[in-house]
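A.B. asks: Okay, so the sequence shown: first residue is 0 according to numbering that gives the first Met the number 0, each after it adds one.
This is the structure, below, for whatever I ask next.
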Amino acid sequence: MDIFVAESQEHLDNLNKNLLLLEKNPDNKSVLNEIFRSAHTLKGMAATMGLERMAELTHEMETVLTFLKEGKIVVKQDIIDLLLSCLDDLNAMIRSFVKEGKEPCIAQGLIDALRNLSECGSDQSQEQTKSSYFEFNEYELSVLEASKESNYMSYHIKIELAEGTVMKSARAFMVFRCLEDFGQIIKCIPPVQDLEEEKFDNSFEIFLITMDDAEKIATNLNNISEVRVASITEVNIERSLSSITPAVHSQKDDSEAENFIISSKALHLKTVRVDIDRLDDMMNLVGELVINKTRLEQIASGYRMSEMEEAIEQMGRLTTDLQSLVMKVRMVAIRQVFDRFPRMVRDISHSLHKDVELVIEGEQTELDRTVIDEIGEPLVHLIRNALDHGIEPPDVRAAVDKPRTALLRLAARQEGNNVIIEVEDDGEGIDINDIRKQAINKGFVDPREGELLDDKAVLNIIFEQGFSTNNTVNDISGRGIGMDVVKAKIESLNGTIDIETEKGKGTKVIINLPLTLAIIQALLVKVGEEQYAIPLHSIDETTFLIPEQIKMVQNYEVFLLRDMVLPLIRGSRLLEVPTADQKNSEEFVVVVHKGKQRLGLVVDQLVGQQEIVIKPLGNLLAGIPGIAGATILGNGQVATILDVNSLF
């Protein structure tokens with residue numbers, strides 16, 4: 000069932016994405032074909048799992064899509080709305096099936112609406128003669144031509160079923176699944192609907208584009224029970240072209256055909272689904288290997304044996320390669336999260352009567368699967384906020400010489416060992432003075448302190464629990480999680496969140512996340528007699544602490560570093576441990592950052608950089624301020640990992 004749920008969700012995501020593309024480009028035949036294939040596959044999967052209602056709904060969707068392909072129905076917004084509503088129902092049916100183990104009832108209204116649409120094209124469909132099935136339309140011919148130019152083979156395959164075959168449609172489905180592994184099916188005789196409803200004798204024909212040879216295809220098809228390949232012949236492109244009235248193919252059709260061919264290459268990528276728990280176990284084992292590698296390095300350092308050092312060096316290289324490989328396996332494109340937002344933006348902007356264009360950048364950027372699973376909800380809240388509060392109605396935008404259509408940008412990019420995610424709109428921006436005023440009125444800051452806060456500090460009040468600039472509650476952004484929970488979620492992933500805004504110009508929310516949460520580079524330091532680890536991605540620099548550079552500002556220590564004045568936190572006070580018992584001993588400052596904020600952390604000794612494995616503290620120690628976890632050092636000692644975000 001896990002495979003069914005995962006694959007069906009992929010097809011639903013593809014349907015969502017492609018329906019929105021079709022809404023913008025109604026004449027895009029390749030997108031329409033992709034939608035049809037996803038719906039057809041989803042129907043077959045549902046039937047295989049015994050989900051009759053789901054199969055019925057997808058069957059009616061497929062009928063409508065067939066008439067759209069044949070031009071008997073024109074793509075309109077109400078049709079797209081109906082098909083998207085069907086996807087919502089299919090999603091709900093799958094969730095119910097997983098949760099309760101049974102199929103729920105579906106809204107009969109959707110079935111009726113789909114059937115009413117189908118009736119619009121059924122009269123024309125009945126007028127077609129059987130001979131028309133053997134003709135290729137202009138688009139199919141352009142695909143055949145493009146396949147020949149790309150050195151693909153085009154085969155006409157005749158399939159015969161054994162006499163007395165029960166469930167002929169199931170055998171036909173198995174044939175389709177088999178052929179889809181070889182390439183792209185461009186035509187079927189009789190049509191797919193007739194095969195599914197078993198409106199055929201014991202044979203049918205398929206036209207396939209592939210890179211494989213006919214013998215290999217025939218062997219695989221003949222392995223299907225009650226199925227026999229009667230013949231496989233190469234399609235004669237020139238003859239097919241002469242069978243219809245000559246027409247000049249547009250450049251658009253040629254490019255679509257080329258895209259069709261290119262997409263078929265992707266089908267040959269070999270992939271396998273792996274349970275995430277198995278990847279977690281593998282990562283834990285690699286972590287233990289890293290710990291023992293470090294331990295061996297420390298042991299070998301006391302013996303000075305060249306052969307041992309060489310062996311340990313080789314082991315270190317292998318461990319690093321293995322770690323890198325496992326981490327790559329865990330990496331998932333952020334597109335998996337981003338793909339849900341075009342539909343959400345469309346629906347919300349329609350309900351708010353706003354014109355919004357969503358621009359997505361960097362959707363191929365990869366993150367650890369654990370981070371991917373957690374980042375979706377915060378992004379949903381940020382996008383809802385932008386649509387509801389940030390972006391103005393079209394008339395308001397026009398009045399201030401802005402385009403009526405607002406721009407909402409969702410972008411991701413990798414910077415070193417971090418991924419930056421930005422949610423940016425060109426709306427009205429945040430009124431910082433209004434935030435300051437509300438913060439004072441609601442008691443979040445003292446009136447005198449509030450007037451002295453800089454713009455950055457005022458914006459950070461938005462992340463305080465219970466703070467809101469919205470006095471009314473609506474279904475878009477007034478319910479659910481608040482900005483304080485968004486911040487907490489990001490920081491639980493060892494990330495940071497910042498806001499940049501300009502009144503009348505727009506707002507940008509910047510999220511900075513680590514690529515992985517399992518194994519990181521860290522700086523080991525000593526405070527007193529204890530060792531601590533500080534994640535390297537949070538460190539700007541280290542320097543000696545010179546007493547003359549320390550000043551007092553409002554009873555707080557600050558540190559003068561070149562042209563900057565940085566707050567100073569002493570590790571001994573933060574961690575409540577005694578300082579090193581050495582007179583006139585040197586102290587060091589580790590300059591750390593959170594977003595654009597910086598401060599200095601005073602430590603007694605810099606031990607060195609080391610690769611560490613992050614270990615959770617467990618329920619008894621979880622939630623201790625300033626502590627993010629622990630790690631096991633090469634000598635077997637446990638070092639605490641400092642939570643830099645909590646220092647600010």
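Using N, Cα and C, we set each Cβ at its ideal position, and we do this for glycine too.
(1) Given a cut-off of 8 Å on the beta-carbon distance, is the pair Glu665 and Gly503 in contact?
(2) For the segment 81-93 against the segment 206-217, are there 3 or more C-beta pairs whose distance is under 8 Å?
(3) Along the beta strand (DSSP E) that carries Asn417, what are the first and last residues, could you check?
(4) Starting from Val285, trace the alpha helix (DSSP H) in both directions and tell me its first and last residue.
(5) For Phe96, which of helix, strand or coil comes out of DSSP?
(6) In terms of alpha-carbon separation, which member of Pro25, Phe96 and Lys198 lies closest to Glu51?
(7) Mapping DSSP to helix, strand and coil, what is Ser249?
(8) Just the C-alpha distance for Asn644 and Asp1, rounded to the nearest angstrom, thanks.
(9) So within the segment 381-421, which uninterrupted alpha helix (DSSP H) runs reach at least 4 residues, ignoring any that extend past its ends?
(10) Helix, strand or coil: which one does DSSP assign to Lys502?
(11) Return yes when the Cβ of Ile613 is within less than 8 Å of the Cβ of Ile631, no when it is not.
(12) Is it true that the segment 441-456 meets the segment 528-542, where meeting means three or more beta-carbon pairs spaced less than 8 Å apart?
(13) If you follow the beta strand (DSSP E) that Lys186 is part of, which residue opens it and which one closes it?
(14) Check whether the Cβ atoms of Asn493 and Ala627 lie closer than 8 Å to each other.
(15) Where DSSP assigns a beta bridge to Ile587, which residues make up the other side?
(16) Are the beta-carbon atoms belonging to Glu423 and Arg408 less than 8 Å from one another?
(17) Would you kindly work out how many angstroms separate the C-alpha atoms of Ser153 and Gly389, rounded to a whole number?
(18) Beta-carbon separation of His10 and Leu41 under 8 Å?
(19) Hey, Glu162 and Asn219: beta-carbon distance below 8 Å or not?
(20) With H, G and I counted as helix, E and B as strand and the rest as coil, what does DSSP make of Gln464?
(21) Alpha carbon to alpha carbon, how far is Ile429 from Ile568?
(22) Please name the residue in Thr500, Leu605 and Gln192 whose C-alpha comes closest to that of Phe543.
(23) Return the residue from the list Ile611, Ser584 and Leu616 that minimises the CA-CA distance to Asp603.
(24) Between the Cα of Gly286 and those of Glu312, Glu306 and Val325, spot the shortest distance and give me the residue it belongs to.
(25) Tell me which residue opens and which closes the beta strand (DSSP E) that Val524 is part of.
(26) Tell me, which residues are paired with Arg530 by DSSP?
(27) Write down the C-beta distance between Ala405 and Val355 rounded to the nearest angstrom, noting that I regard them as a contact closer than 8 Å.
(28) By DSSP, does Phe172 sit in helix, in strand, or in coil?
(29) Can you look up Ile489 in the DSSP assignment and give me helix, strand or coil?
(30) So for Asn511, helix, strand or coil by DSSP?
(31) Give the straight-line distance between the Cα atoms of Glu490 and Asp394, rounded to the nearest whole angstrom.
(32) Determine the extent of the beta strand (DSSP E) in which Pro566 is found, giving its start and end residues.
(33) Go ahead and pull the three-state DSSP assignment for Glu575.
(34) Measuring only the C-alpha atoms, how far is Ser241 from Leu19?
(35) Is the beta carbon of Phe443 closer than 8 Å to that of Glu463?
(36) Quick check on Glu356: does DSSP put it in helix, strand or coil?
C.D. replies: In short:
(1) Residue 665 lies beyond the residue range present for the chain, which begins at 0 and ends at 647; the question has no answer from this structure.
(2) no
(3) Along the sequence shown, read from residue 1 onward, the residue named residue 417 stands at position 418. Taken as a continuous stretch (DSSP letters only), the beta strand (DSSP E) holding Asn417 covers Asn417 to Asp424.
(4) The residue labelled residue 285 in the question sits at position 286 within the sequence shown. Where Val285 is concerned, the enclosing alpha helix (DSSP H) stretches over Ile275 to Ala299.
(5) Mapped onto the sequence shown, residue 96 falls at position 97. DSSP places Phe96 in helix when its eight states are reduced to three.
(6) On the sequence shown, residue 51 is found 52 positions in, with the first residue counted as 1. Cα-wise, what sits closest to Glu51 is Phe96.
(7) Position 250 of the sequence shown, counted from the start, is the residue given in the question as residue 249. With a pLDDT of 39 at Ser249, under the threshold of 50, the predicted position of this residue should be treated as unreliable, and no value is reported.
(8) Mapped onto the sequence shown, residue 644 falls at position 645. Mapped onto the sequence shown, residue 1 falls at position 2. Distance between the alpha carbons of Asn644 and Asp1: 37 Å.
(9) 393-398
(10) Here residue 502 refers to the residue found at position 503 of the sequence shown. Coil, per DSSP.
(11) Taking the first residue of the sequence shown as 1, we reach residue 631 at position 632. Taking the first residue of the sequence shown as 1, we reach residue 613 at position 614. Contact: no.
(12) no
(13) Numbered from its first residue, the sequence shown carries residue 186 at position 187. It spans Gly182 to Ile188 - the beta strand (DSSP E) in which Lys186 sits, taken as one unbroken run.
(14) As a first step, residue 493 must be located in the sequence shown, where it is residue number 494. As a first step, residue 627 must be located in the sequence shown, where it is residue number 628. Result yes, Cβ atoms of Asn493 and Ala627 sit closer than 8 Å.
(15) Here residue 587 refers to the residue found at position 588 of the sequence shown. Rather than Ile, the amino acid found at residue 587 in this sequence is Phe. DSSP, once it has assigned bridges, lists Phe543 and Val602 as partnering Phe587.
(16) To locate residue 423, count along the sequence shown from 1; it is residue 424. To locate residue 408, count along the sequence shown from 1; it is residue 409. It is a contact, given that the beta carbons lie within the stated cut-off.
(17) Looking up residue 153 in the sequence shown gives position 154. Looking up residue 389 in the sequence shown gives position 390. Between Ser153 and Gly389, the C-alpha separation is close to 53 Å.
(18) Counting from 1 along the sequence shown, the entry for residue 10 is found at position 11. Counting from 1 along the sequence shown, the entry for residue 41 is found at position 42. In this structure, Leu41 lies closer than 8 Å to His10 by Cβ.
(19) In the sequence shown, counting from the first residue as 1, residue 162 sits at position 163. In the sequence shown, counting from the first residue as 1, residue 219 sits at position 220. Cβ distance not < 8 Å, so Glu162 and Asn219 don't count as in contact.
(20) What you label residue 464 is simply residue 465 of the sequence shown in a count that begins at 1. The answer is coil: DSSP assigns Gln464 none of H, G, I, E or B.
(21) As a first step, residue 429 must be located in the sequence shown, where it is residue number 430. As a first step, residue 568 must be located in the sequence shown, where it is residue number 569. Each residue's Cα considered, the two are about 32 Å apart.
(22) Mapped onto the sequence shown, residue 543 falls at position 544. Comparing Cα positions, the closest option is Leu605.
(23) Numbered from 1 along the sequence shown, position 604 holds the residue referred to as residue 603. Nearest C-alpha to Asp603: Ser584.
(24) Locating residue 286 in the sequence shown gives position 287, counting from the first residue. Gly286 has its Cα closest to that of Val325, out of Glu312, Glu306 and Val325.
(25) Numbered from its first residue, the sequence shown carries residue 524 at position 525. Val524 -> beta strand (DSSP E) spans Ile518 to Val526.
(26) By 1-based counting over the sequence shown, the position of residue 530 is 531. Strictly speaking, residue 530 in this sequence is Gln, with Arg absent from that position. Partner(s): Lys525.
(27) For the purposes of this step, residue 405 is taken as the residue at position 406 of the sequence shown. For the purposes of this step, residue 355 is taken as the residue at position 356 of the sequence shown. Yes, Ala405 and Val355 are in contact; Cβ-Cβ is about 5 Å, under 8 Å.
(28) Numbered from its first residue, the sequence shown carries residue 172 at position 173. DSSP places Phe172 in helix when its eight states are reduced to three.
(29) On the sequence shown, position 490 is the one that residue 489 refers to. Note: Ile489 maps to helix in three-state DSSP.
(30) As a first step, residue 511 is located in the sequence shown; it is residue number 512 there, counting from the start. Three-state result, Asn511: strand.
(31) Taking the sequence shown and counting its residues from 1, the one referred to as residue 490 is at position 491. Taking the sequence shown and counting its residues from 1, the one referred to as residue 394 is at position 395. Distance between the alpha carbons of Glu490 and Asp394 is about 38 Å.
(32) Along the sequence shown, read from residue 1 onward, the residue named residue 566 stands at position 567. Met563 to Arg569 is the span of the beta strand (DSSP E), which, as asked, contains Pro566.
(33) The residue given as residue 575 occupies position 576 in the sequence shown. The answer is coil: DSSP assigns Glu575 none of H, G, I, E or B.
(34) As a first step, residue 241 is located in the sequence shown; it is residue number 242 there, counting from the start. As a first step, residue 19 is located in the sequence shown; it is residue number 20 there, counting from the start. Note that Ser241 has pLDDT 45, beneath the 50 cutoff, so the model's placement of it is unreliable and no number is given.
(35) As a working note, residue 463 is residue 464 in the sequence shown. As a working note, residue 443 is residue 444 in the sequence shown. Taking 8 Å as the Cβ cut-off, Glu463 and Phe443 qualify as a contacting pair.
(36) Along the sequence shown, one-based indexing puts residue 356 at 357. Of the three classes helix, strand and coil, the one that applies to Glu356 here is strand, per DSSP.
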